[in-house]
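Structure, as structure tokens:
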Amino acid sequence: MFDNEYLEKIREEKEKWEELYKTQKERDMKFVTDSEIPIKQLYTPLDINDKDYINDISFPGVPPYTRGVYPSMYRGRLWTMRLFSGHGTPEETNKRWKFLYENGESGFSAAVDNLTFNGIDPTEPDGAPEVGTSGVPLYCIDSFFALTEDIPIDKISVALVVEPFTSAPVCSMYFNMAQMRGYDIKELIGTTQNDILTMTVGYIPYKNSPPNHILRLACDLIEWTVAMKNVPKWHPINFTGYNYREGGIDAVQELSFVFASACSHIDNLIERGWKADDFVGRLAFHLAAHKDFFEEIAKFRAARRIWYKLMKDKYEVQDPRNLGFRFHVQTAGSSLTAQSPKINIIRTAIQALEANLGGCQSLHTNSYDEAICLPSEEAALIALRTQQVISDETRIHNTIDPLAGSYFIEWLTDEVEDRVWKYIDKIQKVGSIDKALSTGFLYKEMRDAFHKRRMKIENGDEIMLGVNKYPVPYDTVTDVFRTNKNAIDIEVNRIEKLKARRDNKKLETILDQLRDVCEKEENVMPTVMKATREGATVGEVCNVYREIWGTWDPPLAI
Amino acid sequence: MSKKKIRVLMSKPGIDGHWRGGIVVSRAIRDAGMELIFGGFQNVKEIVEAAIQEDVDVIGLSIHSGAHFAYTQQVIDLLKERGVLEDIMILVGGVVPAKDFPKLKEMGVANVYGPGSMTSEIVDFIKTHIRK
Chain A
1 MFDNEYLEKI REEKEKWEEL YKTQKERDMK FVTDSEIPIK QLYTPLDIND
51 KDYINDISFP GVPPYTRGVY PSMYRGRLWT MRLFSGHGTP EETNKRWKFL
101 YENGESGFSA AVDNLTFNGI DPTEPDGAPE VGTSGVPLYC IDSFFALTED
151 IPIDKISVAL VVEPFTSAPV CSMYFNMAQM RGYDIKELIG TTQNDILTMT
201 VGYIPYKNSP PNHILRLACD LIEWTVAMKN VPKWHPINFT GYNYREGGID
251 AVQELSFVFA SACSHIDNLI ERGWKADDFV GRLAFHLAAH KDFFEEIAKF
301 RAARRIWYKL MKDKYEVQDP RNLGFRFHVQ TAGSSLTAQS PKINIIRTAI
351 QALEANLGGC QSLHTNSYDE AICLPSEEAA LIALRTQQVI SDETRIHNTI
401 DPLAGSYFIE WLTDEVEDRV WKYIDKIQKV GSIDKALSTG FLYKEMRDAF
451 HKRRMKIENG DEIMLGVNKY PVPYDTVTDV FRTNKNAIDI EVNRIEKLKA
501 RRDNKKLETI LDQLRDVCEK EENVMPTVMK ATREGATVGE VCNVYREIWG
551 TWDPPLAI
Chain B
559 MSKKKIRVLM SKPGIDGHWR GGIVVSRAIR DAGMELIFGG FQNVKEIVEA
609 AIQEDVDVIG LSIHSGAHFA YTQQVIDLLK ERGVLEDIMI LVGGVVPAKD
659 FPKLKEMGVA NVYGPGSMTS EIVDFIKTHI RK
């Protein structure tokens, strides 16, 4: 971007400055990013002299999308403020959602409990003490009427945070509920997380089916909603790097896991006879905004460029609307402390700013009490206000991608991109994403990351204020938000009422059809739509999967 | 003095899949020269059966679901019923509010490790408090 003569002049001046620098002391520490990318004292035009503005950076809404996915970005429309939220019962969660909506929240995201997550009914003994403790219980269609009561679901998007093993029953309950309330599901807007890696390495699955079946279930939802145009505006999958990043992998691994996984899903759908253009425009992403300020911003910019290249070069996508990398961000829960929890408000604010400077489409900010309990109403409101301070008071949205052109940011964006391509290769050498799981490869990568991060914190290489620097005792002041103790009775009662009124004979015939569909490995969605409309619970549908495909114990590594 | 290694069962009661804490602590326990039995997901019966069969000195319960009182009480009740409660140290770790520590200790838990705990603290506690 500079002529050679001028670059030579810069080089001469830089050498002089380096002499000056040497006259000063440097603190005894490693200057590296969170991904351990070595960082120089200073960046100059010399570091980006091989860049071509039009090909490598260009304009927002224009390939390679480094500067943003839409031409007008936040000048046209702010990001969606979407807090991941759910607790106790659907009625209580509905109340919290309305509270946040009245305070300016612009999208909903359902945090479900462990039973919904794993497809277990509360009438089974396995997880009964966990009904509603870590999210909202959504076991049957009646729960969805309660969850969305008085909420205009045709105007505000809802994210259903469930994974492939339960995405068909949970989403079909939502779609059926919407139809029964008179909405055209062709117009419904929202997202299903439906992420195979969240289910398997972000968390460990409890009595789920093996990875090859889970991958197929994820693709069934993409195929039925988008490719077959039943719910064409829905985002049927949200590749959630956030959930595995939280385990301790770094920014480079986070993007690599996401892209390797996305490729396996696209390959599966192409094998089914679809063209990439039939569905890739509705694939969505969910990334972390972690502690390393500039590296995270570089990561978001690099992600858009990598996705564009993958779509254009590998999958030969034609429609320009299908080339953009749209993503939700969550600030880093694992950066929060139970010691001096109010400091978490500051951490979250800085991480939120990373997401906005990186051009996210949607953002969740963590509540300051999240290292201790589910968010209280007060803590959730502060989290929402944190985003509103940025959107309404800082004027950061005046211009698009304000950090572009920074020698450092452009250099770091390139560096992250290069490293991600190499790591994607490493994963893809093992095979498709279900192979990377069943062979244990990803478990070993996660295990190594867990220990590396833990050692960094224990030996002080990674500072956590209140924990390993200026340590203070675990906080006992913050009010602990407790979920409804009667949730189990309420939910068992809800299911019993439903079972009393439904046509059990008719349902059994539909579940038999589902057994047949599972055996033939056909798309489960049409049959699961019928089953949940007739009152099938999430556990009843998942038990059919277990019966036909078996369950899977992941090859965990210690 | 007995040279028998300290035996630790690490278990996740219930169905919650937050696995990092249990793995990280398991590694620290193994690295400290103790015998680790990694139970993974276990229901209360399986935990107590494994503890008895493996003749463990310590049961570590890794709980991130908010259901720490329910599961811990169930494990303690069954250990008592089987007459082995006195022989086994119970430790709880995970996302547990500090406000809940006293009640858990009253129930019979030797110590509780919330977010920000160091693995070295856990290893030291086991080594100094184990009844050998």
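Quick note, the sequences are listed as chains A and B, same order.
Numbered according to my numbering, the first sequence spans residues 1 to 558.
Numbered according to my numbering, the second sequence spans residues 559 to 690.
In this text, a Cβ means the ideal position worked out from N, Cα and C, and glycines have one as well.
Linking residue 490(A) to residue 205(A) through their CA atoms gives a straight-line distance of about 26 Å. Just measuring C-alpha positions, the residue of 582(B), 606(B), 588(B) and 572(B) sitting nearest residue 647(B) is 606(B). Residue 541(A) sits away from residue 125(A), with the two beta carbons spaced by 8 Å or more. If you compare the alpha carbons of 127(A), 103(A) and 104(A) with that of residue 113(A), the shortest gap goes to 127(A). When the Cα atoms are used, residue 195(A) and residue 326(A) turn out to be separated by approximately 16 Å. Residue pairing by DSSP puts residue 620(B) in a beta bridge opposite 651(B). The shortest C-alpha to C-alpha distance from residue 25(A) to any of 41(A), 122(A), 77(A) and 480(A) is the one to 41(A). Distance from the CA of residue 79(A) to the CA of residue 352(A), rounded to the nearest whole angstrom, comes to 11 Å. For residue 284(A), the enclosing beta strand (DSSP E) stretches over residues 283-289.
Neighbours of residue 576(B) in chain A, taken as residues whose beta carbon is under 8 Å from its own, are 203 in chain order.
The DSSP-derived three-state label of residue 480(A) is coil.
Listed along the chain, the chain B residues whose CB falls inside 9 Å of the CB of residue 345(A) amount to none; the nearest CB is some 17 Å away.
Counting the other CB atoms within 10 Å of its CB gives residue 165(A) a total of 16 or more, which places it among the buried residues. Going by DSSP, residue 82(A) is part of the beta strand (DSSP E) stretching over 80-85. Proximity of residue 669(B) to chain A, defined by a Cβ-Cβ separation below 8 Å, is not satisfied.
According to the DSSP secondary-structure assignment, residue 109(A) is paired through a beta bridge with 84(A) and 159(A). Around the CB of residue 266(A), 16 or more other CB atoms lie within 10 Å, so the residue is classed as buried. Looking at the DSSP output, residue 599(B) sits in a beta bridge with 570(B).
Where residue 237(A) is concerned, the enclosing beta strand (DSSP E) starts and stops at 237-240.
Exclusion of the five residues before and after residue 202(A) leaves 243 and 244 as the residues of its chain whose Cβ lies within less than 6 Å of its Cβ.
Under the DSSP assignment, residue 584(B) falls in the alpha helix (DSSP H) whose first and last residues are 578-589. At a cut-off of 8 Å between C-beta atoms, residue 686(B) does not count as an interface residue with respect to chain A. Between residue 674(B) and residue 579(B), the CB-CB gap reaches or exceeds 8 Å.
Residue 657(B) reaches chain A at 476 and 480, counting residues in chain order whose Cβ is nearer than 8 Å. Between residue 551(A) and residue 49(A), the C-beta spacing is not below 8 Å.
Here residue 469(A) carries a strand assignment [DSSP, helix/strand/coil].
A Cβ of chain A is located within less than 8 Å of the beta carbon of residue 628(B). Taking 9 Å as the Cβ-Cβ cut-off, the region 586-604 of chain B approaches chain A at 586, 588, 594, 596, 598, 599 and 601, given in chain order.
Excluding five sequence positions before and after residue 292(A), the CB atoms of its chain that fall closer than 6 Å to its own CB belong to 33 and 34, given in chain order. Within the region 179-267 of chain A, the complete alpha helix (DSSP H) runs of at least 4 residues fall at 211-222 and 241-245.
If you draw a straight line from the Cα of residue 278(A) to the Cα of residue 258(A), it comes to about 20 Å. Around the CB of residue 20(A), fewer than 16 other CB atoms lie within 10 Å, so the residue is classed as exposed. With 16 or more other Cβ atoms from the protein chains shown falling within 10 Å of its own Cβ, residue 122(A) counts as buried.
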